[in-house]
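Novice: Using this note's numbering, the final residue of the sequence shown is 402, and nothing's skipped along the way.
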Amino acid sequence: MEKNKDIIDITEIFRQLKAHTRTFLIVLPIVFVLSCIWIFPQPRYYKSEVTLAPEMNGEDIGGGLASVASQFGVNIGSSSSDAIYPLLYPDVVSSNEFVIGLMDIRVKTIDGSVSTDYYTYLKKYQKKNWLKAPFYKLAKAIGSIFVTPQKSDTIGTGKKLNAFRMTKKDYDLVQLVKEKITCNVDKKTDVITISVVDQDPLIAASLANSVSRRLQDFITHYRTNKARIDVEHYLKLTEQSKKAYDYSVRVYSEYCDANQNVLLQSFISKRDELENEMQLKFNTYSAMRTQLEAMRAKLQEKTPAFTTLQSAMVPIKPAGPKRMIFVLAMLVLATIVTASYCLKSTLLNILKKNKQEDKVVYKIVECEE
């Protein structure tokens with residue numbers, strides 16, 4: 034009895050499904066048409082990628098151990114003095130300040146019909162699925178009830194937004210850009226992959242280049258900030274010492290010219306004093322020049338180098354939406370749901386039969402006892 038209880042009659046299942054052929058012929062075409070109506074108005078989007086290899090800091094003593102640990106999915110950090118290491122680059126790219134800095138980029142569509150800044154392009158030239166328009170209006174109406182309207186501080190097109198205080202529309206726009214830009218870092222190799230999706234292929238490639246360049250500028254500015262401050266400081270000291278040296282030379286020269294034939298010891302002592310003062314000013318100026326050149330060399334040493342492994346390319350084929358895959362997935366799902374509905378009565382009968390058999394077995398065991 035236990036063996037018979039677990040046996041499922043496949044022939045009976047196929048017979049039941051064949052009996053509901055008409056149901057499948059009604060459901061599947063309807064699902065096919067609805068899936069096509071929903072997915073085909075969805076705007077196409079294109080994807081462009083940039084791959085970078087950052088320069089590794091030679092001061093990172095624990096780099097070898099970190100590399101070995103990363104192969105096991107463990108991040109032990111780094112002994113480098115850099116607070117922003119490659120694994121934090123995705124957080125930099127997704128920050129509000131970084132995204133807002135992209136709004137003033139000049140973009141142009143591949144057909145040349147639109148040429149404006151990225152902020153205006155997102156606000157006015159984004160294609161939308163016309164089927165979702167009623168839902169957008171409904172969500173906007175509901176949001177206006179609970180959210181107090183705020184006056185935007187943005188004046189003109191392409192002006193940078195206020196990262197400290199944004200309106201609801203500006204916040205949604207920033208979130209949209211964050212969804213379009215993806216930055217991934219390989220934990221083993223520290224290779225940076227920047228991906229950008231957009232409805233226009235040329236804008237996707239242009240934005241990928243801009244994000245890559247601005248990320249490099251950000252990292253360069255961070256790593257060289259202290260060295261640049263030192264260069265500016267010693268440049269100012271050098272200019273001051275040069276002015277002091279020039280003044281001492283002028284005073285010494287004027288004194289010597291005015292007292293060429295004077296042999297008094299007091300005049301000779303004054304001349305020697307001015308000469309010594311001039312020499313001290315020259316030594317100070319020379320030391321500042323030497324220190325300035327050393328700081329400039331340090332600045333050059335601190336400046337990171339990024340190797341572009343793969344530059345941005347204008348995509349030829351769209352990356353999505355995958356219309357045929359979506360339609361096929363909906364048809365498969367509809368087939369499974371319809372088959373489950375048609376076999377509901379059969380499955381219930383099997384469960385009832387199993388319960389009855391369990392009761393019979395239980396009674397037989399009681400009688401034997």
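Ideal placement from N, C-alpha and C gives every residue a C-beta, glycine not left out. Quick caveat, the model's predicted, so the values are computed rather than measured.
Over what stretch of residues does the beta strand (DSSP E) that includes serine 344 continue unbroken?
Specialist: Unbroken run through serine 344: none, as it is neither H nor E.
Novice: Decide if isoleucine 349 is buried, meaning its Cβ has at least 16 other Cβ atoms within 10 Å, or exposed.
Specialist: The residue is exposed, with fewer than 16 neighbouring Cβ atoms inside 10 Å.
Novice: Expressed to the nearest angstrom, what Euclidean distance is found between the alpha-carbon atoms of isoleucine 358 and leucine 376?
Specialist: One C-alpha to the other measures close to 27 Å.
Novice: For the beta strand (DSSP E) containing glutamate 82, list its first residue and its last residue.
Specialist: Looking at the DSSP string, the run of the beta strand (DSSP E) that includes glutamate 82 is 79 to 87.
Novice: Compute the distance between the beta-carbons of isoleucine 143 and serine 243, then report whether it is under 8 Å.
Specialist: Not closer than 8 Å, so no.
Novice: What number of angstroms, rounded off, separates the C-alpha of leucine 50 from the C-alpha of arginine 77?
Specialist: So the alpha carbons of these two residues sit roughly 38 Å apart.
Novice: What are the start and end residues of the beta strand (DSSP E) that includes arginine 139?
Specialist: It spans 139 to 141 - the beta strand (DSSP E) in which arginine 139 sits, taken as one unbroken run.
Novice: Take glutamine 324 and list the residues in its own chain whose beta-carbon comes closer than 7 Å to its own, dropping the five residues that flank it on each side.
Specialist: If we look at glutamine 324 and ignore the five residues flanking it on each side, its Cβ neighbours are Tyr267.
Novice: Between the stretch 192 to 208 and the stretch 303 to 310, do at least 3 Cβ pairs fall closer than 8 Å?
Specialist: Contact between the stretch 192 to 208 and the stretch 303 to 310 is absent, because fewer than three Cβ pairs lie under 8 Å.
Novice: For isoleucine 214, report the span of its beta strand (DSSP E) as first-last.
Specialist: That run of the beta strand (DSSP E) goes 214 to 218.
Novice: So is alanine 196 in contact with chain D if we call contact Cβ pairs under 8 Å?
Specialist: No chain D appears in this structure, which consists of one protein chain only.
Novice: Could you spell out the range, first to last residue, of the alpha helix (DSSP H) harbouring aspartate 407?
Specialist: With the chain covering only 34 through 402, there is no way to say anything about residue 407.
Novice: Report yes if the CB atom of lysine 141 is closer than 8 Å to the CB atom of leucine 235, and no otherwise.
Specialist: Yes.
Novice: Is it a yes or a no for the stretch 335 to 355 touching the stretch 291 to 298, going by three-plus beta-carbon pairs under 8 Å?
Specialist: Short answer: they don't touch.
Novice: Serine 146 lies in the alpha helix (DSSP H); which residues open and close that run?
Specialist: Where serine 146 is concerned, there is no enclosing alpha helix (DSSP H), given that its DSSP letter is neither H nor E.
Novice: Using CA coordinates, which residue listed in Phe57, Val64, Val218 and Tyr79 is at the minimum distance from aspartate 233?
Specialist: The option with the nearest alpha carbon to aspartate 233 is Tyr79.
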